[in-house]
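J.:
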């Protein structure tokens with residue numbers, strides 16, 4: 024992500040982070056407002072209450088395809104990391120197959136098991152980020168961030184687009200809200216999480232201070248390059264393999280959550296109670312699609328840099344605004360509250 028932002032905003036990438044954060048928080052509040060109207064239903068179900076059975080099914084299916092596409096892109100990113108940085112001779116299908124087998128097993132244990140796994144992986148990931156940033160500080164040159172806004176606000180605004188797409192993956196709240204035991208804390212926790220992510224992204228932008236905006240923009244895996252600069256002593260260097268192991272665990276958790284949303288959403292659309300029957304068919308679709316979604320890393324990088332925002336803009340902003348507006352016009356929030364009482 025830092026390299027994509029640097030290619031657009033250059034040394035003003037930190038401004039892009041602030042813009043993306045300022046936009047993402049109100050949109051997340053919108054997600055919470057929609058979810059709170061239909062506390063016991065996911066987006067795959069409540070769109071039928073809002074738009075009727077036919078149009079509701081169409082919108083639900085479109086969201087299902089959107090989440091599938093996000094999962095495919097995540098897997099492809101992981102495949103490129105493994106192939107480019109560590110195992111270039113291993114066929115990508117091997118990574119994809121093993122990943123989906125493990126993720127499929129995890130989701131059969133239910134959402135609570137996934138949440139418990141995340142309680143372990145998340146602190147490790149945050150500790151990893153702090154470790155990399157702390158030991159990268161000696162290499163940072165603050166003059167690489169100057170001049171500020173030399174080309175005006177337009178480049179940072181453009182740089183905020185991919186960041187906004189990534190931060191608004193918080194739209195998954197529309198699909199997991201019924202599984203959250205204390206829903207009253209969702210809004211506060213979500214905003215805190217976005218602020219925390221914003222801080223992490225600002226730290227990631229420090230790569231520009233180390234390498235400069237031009238060099239950072241040329242990297243495909245900026246975090247990996249930052250890790251490789253760390254040298255604690257003559258005997259304790261090349262920490263990339265150890266740190267990448269934790270990073271891959273984090274990506275795996277994200278893919279597992281999305282896979283759960285996909286199979287559960289598919290079950291909701293066809294009105295089938297047990298979602299486990301859909302695990303194998305959907306995994307069988309995602310594995311080959313993760314191979315064919317792009318021919319190489321450059322094609323994937325260019326898609327994420329130039330095109331991905333327009334897809335996410337529809338599903339993460341336009342449709343939620345439309346859903347919320349229609350629900351309010353039809354006063355479904357009041358009807359739902361009466362039914363729940």
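Residue numbers (the working numbering): 24 to 364.
In this text, a Cβ means the ideal position worked out from N, Cα and C, and glycines have one as well.
On a predicted model such as this, the values are computed, not experimentally measured, just so you know.
State the DSSP-derived secondary structure class of residue 304, mapped to helix, strand or coil.
T.: helix
J.: Nearest by alpha-carbon distance to residue 220: which of 148, 68, 332 is it?
T.: 148
J.: Output the boundary residues of the alpha helix (DSSP H) element that contains residue 349.
T.: 342–352
J.: In the DSSP assignment, find the alpha helix (DSSP H) that holds residue 72 and state where it starts and stops.
T.: 66–74
J.: Near residue 212, what residues of its chain come up, given a Cβ to Cβ distance below 6 Å and the 5 sequence neighbours on each side ignored?
T.: none
J.: Classify residue 76 as buried or exposed, calling it buried when 16 or more other Cβ atoms lie within 10 Å of its own Cβ.
T.: Residue 76 sits exposed, since fewer than 16 C-beta atoms from the chains shown fall within 10 Å of its C-beta.
J.: On the DSSP letters alone, give me the boundaries of the alpha helix (DSSP H) that residue 329 sits inside.
T.: 320–329
J.: Tell whether a beta-carbon distance below 8 Å holds between residue 285 and residue 90.
T.: Against a cut-off of 8 Å, the Cβ pair of residue 90 and residue 285 comes out as a contact.
J.: Within 8 Å, do at least three Cβ pairs link the stretch 175–187 to the stretch 267–281?
T.: no
J.: Comparing alpha-carbon positions, which option in 320, 249, 41 lies nearest residue 158?
T.: 249
J.: Here's the rule: buried if 16 or more other CB atoms are within 10 angstroms of the residue's CB, otherwise exposed. What is residue 114?
T.: It counts as exposed.
J.: Could you name each continuous alpha helix (DSSP H) segment of 4 residues or more that falls completely within the stretch 156–240, going from the start of the chain to the end?
T.: List check, alpha helix (DSSP H) in window: 177–190, 196–199, 209–227, 229–234.
J.: Can you tell me where the alpha helix (DSSP H) holding residue 251 begins and where it ends?
T.: 245–252
J.: Between the stretch 85–101 and the stretch 345–356, do three or more beta carbon pairs fall short of 8 Å?
T.: By the criterion of at least three beta-carbon pairs nearer than 8 Å, the stretch 85–101 is not in contact with the stretch 345–356.
J.: For a quick check, are the C-beta atoms of residue 118 and residue 105 less than 8 Å apart?
T.: yes
J.: Ignore the nearest five residues each way along the sequence and tell me which others in residue 42's own chain have a CB closer than 7 Å to its CB.
T.: 179, 180, 183
J.: State the Cα-Cα distance for the pair residue 128 and residue 312, rounded to the nearest angstrom.
T.: 20 Å
J.: Does the beta-carbon of residue 353 have 16 or more other beta-carbons within 10 angstroms, so that it is buried, or is it exposed?
T.: With fewer than 16 other Cβ atoms within 10 Å, it is exposed.
J.: Where residue 160 and residue 33 are concerned, what is the direct C-alpha to C-alpha distance, given to the nearest angstrom?
T.: Between residue 160 and residue 33, the C-alpha separation is close to 20 Å.
J.: Start and end of the alpha helix (DSSP H) containing residue 47?
T.: 36–60
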